[in-house]
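Asker:
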Amino acid sequence: MLLNRANILFLIVMLLSACSIAQNIFKAKTQKGFEALEIHDYFKAKKMFEKTLKKNKASSGYGLSIIYARNNNPFYKLDSAVFYIQLADSNYVFLSPKKQEKLCELNIDALAIQLQRKYIDSLCFEKAISQHSIEDYNHFITKNKNALQHHEAIKLRNSLAFQVARSQQKSVAIKNFITTYPDAHEIQWAEKLLDSLIYKEYTTPLTIKNLEKFLAEQPSNAFFSIAEEQLYEMATQSKTENAYFSFIQKYPNNTHSSRAWRNIYSILTSDYNPESIKLFLKKYPQYPFLHELEKDFQLAKAVFYPFMKNNKWGFLDEHLKEVISATYQFINPFYEGVAAAKMNNKIGFIDKSNKIIVPFKYDEAENFINGLAVVGINEKFGIINKVGEEIVSLIYDEIGTTKNQFISVELDGKYGFIDRSGKLVVGLEYESVGYFNNGLAYVKKGNLYGIIDTNLYYVVKHEFDWMDNLDNDFIRVRKNDLYGVINPKGKIILPIDYQQITELENGLAIVVKDNLYGYVNATGEIKIPIKLPYTEGVLNWALFNNEGYARFTIDNKIGLIDSTGKKFLPALFEDVGVVSKKLIAIKRNGKWGFCDYNAKLKIPYNFSSVSFFKNGLSIASSNYKYGLINEAGSFVLNPIFDNLQWFHDTLLLAEKEGLVGLISIDNKEIVPIKFKKIQLTTDKKFIQLENENELIYQPIDTISNP
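Just so we're aligned, residue -16 is where the sequence shown starts under our numbering, counting upward by one.
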C-alpha cells in the first residue's frame, strides 16, 4: 500500500517523538546514576551507567570512572577507572554542541572529564610509586599514556631498572638494560659500568694471561688503558733491564713500551756518563728515542752550576752562561743527570734540558742514587725512578739510602728491608736496622743486635747489646757493658772485655781496660801496650792525627807519642796542637806558641789560637782578632779580622762583621768583604759568591794575587 504525504509526515513525527522519548529515558537513567552516586549507592549507580553506556559513552563512562576510582566501594579498580575515563574523553569530543550542552546539566564538560582523568592518573601513579617495581611502572606507562606523570614514571622505571641491573654486578644484566631502555638517562653510566664489569669479568683473577685476553678482545673498552698499565706493572715488577726488554719484545704495541725503553735507558745510564750512553746505544741501536741521545751525550759532559738571582734559582754552564733560567724556589745540584727543584712549595725533578721528568708534587725529596730517589708527602715516604714511576708507594715513615741492593724501611716503629723493585724482602720485624755495607747490615730484635747478609741469612745471630755501623771490618760490639770487636763474619778480633773502644782513626783505635789505655790496629793487634793512664776525655783528644801523632798525658801535662808509642814530645804542656814541618803548636797558661821537635820554644806564648804553617805562615789570633804570623812569630798580616781561613793557594777567606771576602797574604782585597758565603766549586774551577738574594760565580783563574 502506498503511503501518502500525510502518512509519511505522521510517521516522521512519531519517529522523532520516539527518539526524544528514548533520549529522555536514557538521560533520566544517567541522571539517576549520578544521583545514586551522590548518596554512595554504588550498586545502583553502576547499574544505571552500564545500561546507558552504549548510548551515552561520555556521561556513563565518566560516571563509571568515578565509581572505579573510589576505594570506598567493592568496585574499586583503577585500571577500569582509566578505561572508562579515557572512553568518556575520546567520545566527548565527537558530541554535538547541543549534546555537550545537555551534559553540562549533569556537571559534565571537557574540563570535568580532564580533571577526573588527571585525578585517576595521579592515583595510578601513586600506586606505581608505592609498589615501586619495574612491572608497575611499565603498567602505568602503558595504560596512562597521556598522563602528566608519564615522563616521570619512565624516569623512575629506568632508574629502578638500572639499580636492579647494577646490583647483579654482571655485564649481561647491564647489556640487557642498555638494549631494553636505550633512551634512559642512565645509559651513559650504564655504558661505563658495562666496561667496568666486562673488565672485571675478564681480569678476575688479575693475571697476565687474563689481561692479555682482555686487551685482545676488548680494544674499545674504557678500561683498556688501565689494563695496559696493569700488564706493564705485572710483567716488569722485578724492575730489571731484562724484564723491561722482555716486555717490549712481547708487547710492542702496548702504550707503556716507551716507558719500558726509558727505564732500560735509565738503568744502563744511571751514572749519566757519556761512556754509559755510548754503551747503551751499542747494545740497543733500535732505541726509539735515538734523536734524544746526541743531546743527552752532550749534556752528560756538561757541568752545570746552580745560581740565584732575585731569590730564584737556575743553572749556569761552564762559561757562566744561563742555561736554565732562575725560576725555581730552590734547586739541588745535578746528580745522575737530574736535579731536585722546588716550585710552588712542591718538589719535582728536572733534567739538564730543563724538562720536568718528575712532577712538582712532593714535600721532600733526596737526590737520585743508582737511579732511584726517596720522596715524601705529609711525612710518608716512597721511592721513584727517573721515569717518574713510584717504585715504592708513599707509605713508610722512613727509608734508607737507595745505593744498595736492599733498602731499609721503617713503619710504625718497625724496620725491615725492600729490594730495588719495592718488594718487602725482610718483614717489618726489627727494632732497628743499619744500611747494607759490603753486603752486610746489622739488625736489632729483642734489644739484641745481629748481622744479616744480602741472601738475608744471619751471619751473626742476635747476641749483642749494641753494634757499630758496618762501615769496615772493624765492628765494635757491646755485651754486658763490655766492648769487643768482631769482623763481618762474626769472628772475634778483640775479646769482649774492654771498658771502651773507639773507632779506628788513622789506622789505630783506643782500647781501655782496667783504667789504662793503649792502641790496636784494624786486625786487633795491640800496637801500643795498654799502659797509659786513662783520664776523662782521652777518647776525644788522644786519637792519632793525620801526621801520625797522638796526645798523651802525665801529671796533667800533655805531650805527643808516635804510632809506635815512642814519646815524640815530652808531656810538658797544657795542650799540644798541630804539627807542622818544623814547629809544633803548644799551649801554656792559656796561650799558644810554637816549639821545635826538641821541645825548644821558638815562638812565645802570645796567641789565643794558632793553625798549621803553610808556606811559612800560620793563622793566629790575638784579642779575638785574626792575622798571619811568620815562623819568627811576628805578624805579617795584622790581626784585624773576625775570622781568617786558608782558601786557595795563597788566598785567605777573611771575615768582618758577619761578611766574608778574599784577601792576599799582604792584605790586598781580591774579592770585597761583602758576601755572606764564599766557597770553591767541587771542581775548583770557580768561586761561589753568595748573598741574601743572589749567588754568582767567578772563575778562579781570573783572580789575581800579586
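Every residue, glycine too, gets a C-beta built ideally from N, C-alpha and C. What you are looking at is a predicted structure, and each value in this text was computed from that prediction instead of being measured.
1. Starting from residue 601, trace the alpha helix (DSSP H) in both directions and tell me its first and last residue.
2. Residues bridged to residue 31 by DSSP?
3. Tell me which residues share the same chain as residue 217 and place their Cβ nearer than 6 Å to its Cβ, disregarding the 5 neighbours each side in the sequence.
4. For the beta strand (DSSP E) that residue 690 lies in, which residues bound it at each end?
5. Taking residue 215 and residue 247 to be in contact with their CB atoms under 8 Å, please state how far apart those CB atoms are, rounded to whole angstroms.
6. By a C-beta neighbour count over all protein chains shown, 10 Å radius and 16 as the cutoff for buried, is residue 42 buried or exposed?
7. Quick test of your reading: residue 411 and residue 394, contact by CB under 8 Å. State the CB separation rounded to the nearest angstrom.
8. Measuring alpha carbon to alpha carbon, tell me which residue in 567, 182 and 38 is nearest residue 78.
9. Is the segment 411 to 420 touching the segment 387 to 402 in the sense that three or more CB pairs, one from each, lie closer than 8 Å?
10. What's the C-alpha gap between residue 308 and residue 654?
11. Mind checking whether residue 522 and residue 493 have CB atoms under 8 Å apart?
12. Could you tell me the distance, in whole angstroms, from the CA atom of residue 514 to the CA atom of residue 500?
13. Write down every uninterrupted run of the beta strand (DSSP E) in the segment 414 to 473 whose length is 3 residues or greater and which is fully enclosed by it, in chain order.
14. Run through DSSP, which three-state label would residue 679 get?
15. Under the three-state reduction of DSSP, which class applies to residue 403: helix, strand or coil?
16. Tell me the DSSP secondary structure of residue 398 in three-state form.
17. Is there contact here, the segment 121 to 133 with the segment 80 to 88, by at least three beta-carbon pairs under 8 Å?
18. State the Cα-Cα distance for the pair residue 36 and residue 46, rounded to the nearest angstrom.
19. Relative to the C-alpha of residue 381, which residue among 359, 478 and 301 is closest?
20. Under a three-way DSSP split, which group does residue 133 fall into?
21. Tell me whether the segment 234 to 250 and the segment 289 to 305 touch, counting them as touching only if at least three CB pairs, one residue from each stretch, are closer than 8 Å.
22. Are the Cβ atoms of residue 104 and residue 71 separated by less than 8 Å?
23. Under a three-way DSSP split, which group does residue 616 fall into?
24. Bridge partners of residue 290, per DSSP?
25. Quick one: give me the first and last residue of the alpha helix (DSSP H) that residue 125 is part of.
26. Counting C-beta neighbours from all protein chains within 10 Å, is the total for residue 237 16 or more, i.e. buried, or is it exposed?
27. DSSP state of residue 660, grouped into three classes?
28. Please give the ranges of any alpha helix (DSSP H) in the segment 168 to 247, keeping only runs that are unbroken, at least 4 residues long and fully inside the region.
29. With which residues is residue 592 paired in a DSSP beta bridge?
30. Under 8 Å between the Cβ atoms of residue 112 and residue 144?
31. State the CB to CB distance for the pair residue 661 and residue 636, rounded to an integer number of angstroms; the pair is presumed to be in contact (CB under 8 Å).
32. Considering just the uninterrupted stretch of the beta strand (DSSP E) at residue 480, what are its terminal residues?
33. Determine the burial state of residue 172: buried for a count of at least 16 other Cβ atoms within 10 Å of its Cβ, exposed for fewer.
34. Residue 609 and residue 624 - do their beta-carbons sit closer together than 8 Å?
35. Do you know offhand how far residue -3's Cα is from residue 89's?
36. Identify the continuous beta strand (DSSP E) that holds residue 673 and give its terminal residues.
Answerer: On the basis of the data shown:
1. Annotation: residue 601 is outside any alpha helix (DSSP H); the continuous beta strand (DSSP E) that includes it extends over 600 to 605.
2. Beta-bridge pairing links residue 31 to no other residue.
3. The residues are 191.
4. Since the displayed the chain opens at -16 and closes at 689, residue 690 lies outside it and no answer follows.
5. Not a contact, Cβ separation roughly 13 Å.
6. By the C-beta density criterion, residue 42 is buried, having at least 16 other C-beta atoms within 10 angstroms.
7. Contact between residue 411 and residue 394 holds, with the beta-carbon distance rounding to 6 Å and staying under 8 Å.
8. Put simply, of 567, 182 and 38 the residue whose alpha carbon is nearest the alpha carbon of residue 78 is 38.
9. The segment 387 to 402 and the segment 411 to 420 touch, with no fewer than 3 CB-CB distances between them shorter than 8 Å.
10. Computed Cα separation, rounded: 26 Å.
11. Contact: yes.
12. If you draw a straight line from the Cα of residue 514 to the Cα of residue 500, it is about 6 Å long.
13. Listed in chain order, they are 423 to 428, 431 to 436, 441 to 447, 458 to 462 and 465 to 469.
14. Note: residue 679 maps to strand in three-state DSSP.
15. DSSP places residue 403 outside both helix and strand once states are collapsed to three, so it counts as coil.
16. Here residue 398 sits in strand by DSSP.
17. Touching, no, given that fewer than three Cβ pairs across the two stretches are closer than 8 Å.
18. So the alpha carbons of these two residues sit roughly 10 Å apart.
19. Among 359, 478 and 301, the Cα nearest to that of residue 381 belongs to 359.
20. Assigned with DSSP and collapsed to three states, residue 133 falls in helix.
21. These segments do not touch.
22. Contact: no.
23. Coil at residue 616, not helix or strand.
24. Its beta-bridge partners are 297.
25. Secondary structure note for residue 125: its alpha helix (DSSP H) is the uninterrupted segment 117 to 126.
26. The C-beta of residue 237 has 16 or more other C-beta atoms within 10 Å across all chains shown, which makes the residue buried.
27. Under the three-state reduction of DSSP, residue 660 is assigned to strand.
28. Correct list: 170 to 186, 191 to 200, 207 to 218 and 224 to 233.
29. Under DSSP, the beta-bridge partners assigned to residue 592 are 604.
30. Contact flag unset, no.
31. Under the criterion of beta carbons closer than 8 Å, residue 661 and residue 636 qualify as touching, at roughly 6 Å.
32. Residue 480 -> beta strand (DSSP E) spans 475 to 481.
33. It counts as exposed.
34. Contact flag set, yes.
35. Bear in mind that a pLDDT of 38 at residue -3, under 50, signals an unreliable position, so the model cannot answer this.
36. Following the DSSP letters along the chain, one finds residue 673 inside the beta strand (DSSP E) bounded by residues 669 to 673.
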